[in-house]
Every structure is written in C-alpha cells, then in structure tokens.
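The number in our numbering is simply the position in the sequence shown, starting from 1, with 140 added.
First the structure, in the form of structure tokens, and then the observations on it.
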Amino acid sequence: MPVAMITGATSGFGRAAAYRFAAAGWSLILTGRRSERLEALEQDIGNKVPVLTLTLDVRDAEAVARAVEELPAEFREVTCLVNNAGLALAPKPAQEVDLADWHTMIDTNITGLVNVTHAMLARLIATGAGASIINIGSVAGSWPYPGGHVYGATKAFVEQFSYNLRCDLKGTGVRVTDIAPGMAETEFTLVRTKGDQAASDALYSGTTPLQAEDIAEQIFHVATLPDHININRLEVMPTRQTWSPFTIDRD
Ligand SMILES: NC(=O)C1=CN([C@@H]2O[C@H](COP(=O)(O)OP(=O)(O)OC[C@H]3O[C@@H](n4cnc5c(N)ncnc54)[C@H](OP(=O)(O)O)[C@@H]3O)[C@@H](O)[C@H]2O)C=CC1
Ligand SMILES: O=CCS(=O)(=O)O
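This is the structure in structure tokens:
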C-alpha cells in the first residue's frame, strides 16, 4: 500500500486527511508537536493501516532530517507528502503586531515547509511516477486583507515555491500542488487568536465554512489522480465566501 506523510496531523486538515487516506488503506506517517494527540490517532487508525507517528516540530531542520533519515523500511517509499503544518497569528494591523509572531509564522509556514520538503525530496524522487507533494497554501496567499500581513505573505511563498519545485522536478514523475483553502472551521482561528474561543465561534457562526473533511477530500483527490495529471494550484472557498471591493481612505 502507498505511504503518505502528513505534517500537522494532530488537528484540522491534517487530521482529517489522515482518516481519509486511512480509509483508502494507505500507510501513514503522521507528524505534529502534540504527542498525546498523535498517540490517540495511532490508537484509532493504527489497527486499520500501518501508522508511524513522529513528534516533530517542523521548524527544527535537524530533527526533521534525522526523522526522515531514520524512517523504518516499511515507511521509506513515500508516495505523497502533505505539507500541511502551519498557522496564522496576530489578526490585527501590522503596526500592532509583536515581531515574534511574524517570526513564528515565517519559521513554521516557510522554513518548516522547506525543511520537510528538503528532507523528503530524495525519497519522493526515488518513488517516482505517481508521487506528489501537496502544499497547503491559502487564499490569503493571493488575496490581501487587513490583518493578513505576514501570514498571507508566507502563503504566497508556498504558491511560488510549489511552482518552482515543479520546474526542477520535471522528469522525475513527482507532482507538486498548492491547495489554497478559504475559510475553514478548524482550530486555526483558536490558534490565530491565542485561545479566544468566542472569537473563533463568532467567525464561523451564521455562515457555512469549509470543514476539515472538505479539504481532506481535495488532498486525497489530488494525491490519487492518474500519474500524468498535475494540478498546479487548487483554490477552494466556501460558497458563502467571496472577495471584498477595494477600500478608499477619504478625508
Ligand atoms: N482553517 C483555515 O481557514 C485555513 C487553513 N489553512 C492552512 O491549513 C493548514 C492547516 O491548518 P488547520 O488545519 O486549519 O489548522 P489547525 O490549527 O487545526 O491545525 C494546524 C496543524 O499544524 C500543526 N503545526 C503547527 N505548528 C507546527 C510546528 N511548528 N511543527 C509541527 N506541526 C505544527 C499543528 O500541530 P501541533 O500543534 O500538534 O504541532 C496542527 O496539527 C495550515 O497551513 C493553515 O495555514 C489554509 C487556508 C485556510
Ligand atoms: O488561510 C486561512 C484562510 S483566511 O483566514 O486567510 O481567509
């Protein structure tokens, strides 16, 4: 059975993707920082498909490289890498943000994604035709909005890095896709607001956001397309989310 490696599998899209791939019989390498959640996942899915859990902070390049180097034989031939671990912080104007929050987003969404990709490239190229790297970007990478500052910029990086990877991977059979979701109800806003459950609930109330399973289905779809198809970018919004007009500062 093919192997998928999913970063940020302890919550949201990553967790839902783990269940989606498991339902199709894939072996799974599941990573995240919260070991207790990884253990719970292993208990739940591990009796259905082979599961390897790795407590890993994607920002730690050495730990990431070591974990990939030490993958057990049965998990070494990876067919799909889902670079999903990420976060937004500081939903307020740029001029009010703590610099540490910008650094955390850059370190996680850019450096972390690059760390995992670099460590996994040789493994994916060894798998060859049918392998894929699925990077989770965001609509925030293409569409500016107040309070998006560094978060949106990190997701613009994800988009361009995905395209550039495709150029270099030509001829290897390895596909690269940037999946760019819009508003989805996960722990994302709880993290973004540093634990403000009321703010998170308010954002998702009275509308119909995407659910983690909706994006998991897209991830699985992209990963299981025939070998000769590469979706470059897939932007997915809830039907009830669209864009705002330009705003004008007036006297
Ligand atoms: N929800 C949304 O509206 C949207 C989200 N996205 C993107 O989707 C991805 C998943 O987010 P979502 O599922 O919504 O949010 P969640 O907060 O529910 O999940 C985020 C996951 O990322 C992991 N993670 C965060 N930081 C690190 C780190 N340093 N090292 C390893 N793992 C880490 C978390 O695991 P742990 O804390 O255990 O380490 C968790 O499993 C992110 O990249 C996000 O930017 C994109 C568009 C829309
Ligand atoms: O990436 C997350 C979606 S949004 O909050 O930027 O719309």
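Here a beta-carbon is modelled for each residue, glycine too, at the ideal position from N, C-alpha and C.
Straight-line CA distance for residue i to residue j?
i    : j    : result
G313 : I265 : 7 Å
A339 : A271 : 39 Å
L194 : D308 : 28 Å
A259 : A205 : 5 Å
F215 : A163 : 18 Å
F386 : L343 : 22 Å
P190 : T329 : 32 Å
L211 : S345 : 42 Å
A230 : I246 : 13 Å
V143 : R315 : 15 Å
L253 : D391 : 44 Å
A203 : L170 : 15 Å
E209 : I250 : 21 Å
W166 : Y303 : 26 Å
D341 : T347 : 11 Å
Pick out whichever of the options has its Cα sitting closest to the Cα of residue i.
i    : options                : result
Y285 : V331, S345, T219, K232 : K232
I319 : G346, F360, S167, V191 : F360
R373 : G281, E217, A240       : G281
D433 : T347, D391, K334, M141 : Residue coverage of the chain in this structure runs from 141 to 391, which leaves residue 433 outside it and unanswerable.
E299 : W283, K310, G311       : W283
R199 : S175, V256, E217       : V256
I146 : E375, N223, T347, G288 : N223
T382 : K310, E217, V279, Q235 : V279
E236 : G148, A201, G287, V218 : G287
Output needed for residue i: all residues of its chain with C-beta closer than 6 Å, excluding positions within five of it in sequence on either side, in chain order.
i    : result
L227 : T248, V331
R173 : D197
S151 : E327
C220 : A144, S272, A363
I185 : A162, V191
R306 : V316
Skipping 5 residues on each side, what residues in its chain have a beta carbon closer than 7 Å to that of residue i?
i    : result
P349 : M323, A324, E325, P378
Counting only the same chain and skipping the five closest in sequence on each side, list residues whose C-beta sits under 8 Å from that of residue i.
i    : result
S384 : Y285
Exercise. Give a yes or no on contact between the segment 324-340 and the segment 272-280, applying the rule of three or more CB pairs nearer than 8 Å.
Key: no
Quiz item: Counting pairs of Cβ atoms below 8 Å between the segment 142-157 and the segment 353-360, do you hit three or more?
Solution: yes
Self-check item: Stretch-stretch touch, CB-based, cutoff 8 Å, three pairs: the segment 288-299 with the segment 177-184
Solution: no
Quiz item: Is the segment 361-373 touching the segment 246-263 in the sense that three or more CB pairs, one from each, lie closer than 8 Å?
Solution: no
Self-check item: Below 6 Å from a heavy atom of ligand 2 - residues by beta-carbon
Solution: S278, V279, A280, G322, M323
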